[in-house]
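A.B. asks: Here you go, one structure.
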Amino acid sequence: MAKKRKTYSAEFKLKAVLEILKEDKTASQLAGELEVNPMVLAGWKKHFKEVGLQVFEKPRRASGLKRSEKEKAELFEQIGRLKMEIEWLKKKLAILT
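Residue numbers for the sequence shown follow the numbering used here, so the first one is 1047 and each next one is one higher.
Okay, here's the thing in structure tokens:
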């Protein structure tokens, strides 16, 4: 029978990474206490260092989204105007011919 793979919550992973970063204990000691493979802890730590910066970038990204939504709305408005102009020109062309 195959072993069932353990899954850990994001909260557990965060607590484990913060404990590693405190450097009070070695990764091996902490892995023993948490019953997690040291290589798994190392992977979590690496991932945290790569992705952790994004936590502080969200406010800037949100303003970028607002700007792109505004641009999108302006483009849709322009498309609507152009469609109306085309329809108007088609009607005028039909009258002239």
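Think of the CB as a built atom: it goes at the ideal place given N, C-alpha and C, for glycine as much as any other residue.
A quick note: this is a predicted structure, and the numbers were derived from the prediction, not measured.
Once DSSP output is grouped into helix, strand and coil, what is the label at E1081?
C.D. replies: Taking the first residue of the sequence shown as position 1, residue 1081 is located at position 35. E1081: coil per DSSP, three-state reduction.
A.B. asks: Does the segment 1059-1072 come into contact with the segment 1081-1096, if we say contact requires no fewer than three beta-carbon pairs (one atom in each stretch) closer than 8 Å?
C.D. replies: Yes: at least three Cβ pairs fall under 8 Å.
A.B. asks: Using the Cα positions of A1056 and W1134, report the straight-line distance between them to the nearest angstrom.
C.D. replies: Here residue 1056 refers to the residue found at position 10 when the sequence shown is read from its first residue. Here residue 1134 refers to the residue found at position 88 when the sequence shown is read from its first residue. Approximately 58 Å, taken between the alpha carbons.
A.B. asks: Here's the rule: buried if 16 or more other CB atoms are within 10 angstroms of the residue's CB, otherwise exposed. What is A1048?
C.D. replies: If you number the sequence shown from 1, residue 1048 lands on position 2. That one is exposed.
A.B. asks: L1060 and F1212 - do their beta-carbons sit closer together than 9 Å?
C.D. replies: The structure shown does not extend to residue 1212, since the chain spans only 1047 to 1143, so no value can be given for it.
A.B. asks: Name the residue from N1083, K1071, S1074 whose alpha carbon lies nearest to the alpha carbon of K1054.
C.D. replies: Here residue 1054 refers to the residue found at position 8 of the sequence shown. The residue you asked about is not Lys; residue 1054 is Tyr in the sequence shown. Nearest C-alpha to Y1054: N1083.
A.B. asks: Evaluate A1062 with the Cβ neighbour count: other Cβ atoms within 10 Å of its Cβ, from every protein chain shown; 16 or more gives buried, anything less gives exposed.
C.D. replies: By one-based count along the sequence shown, residue 1062 stands at place 16. A1062 is buried by the Cβ-count criterion.
A.B. asks: State the DSSP-derived secondary structure class of K1052, mapped to helix, strand or coil.
C.D. replies: Along the sequence shown, read from residue 1 onward, the residue named residue 1052 stands at position 6. Of the three classes helix, strand and coil, the one that applies to K1052 here is coil, per DSSP.
A.B. asks: Can you tell me the Cα-Cα spacing of T1143 and Q1124, whole angstroms?
C.D. replies: Translated into positions along the sequence shown, residue 1143 becomes position 97. Translated into positions along the sequence shown, residue 1124 becomes position 78. Cα-Cα distance, rounded: 29 Å.
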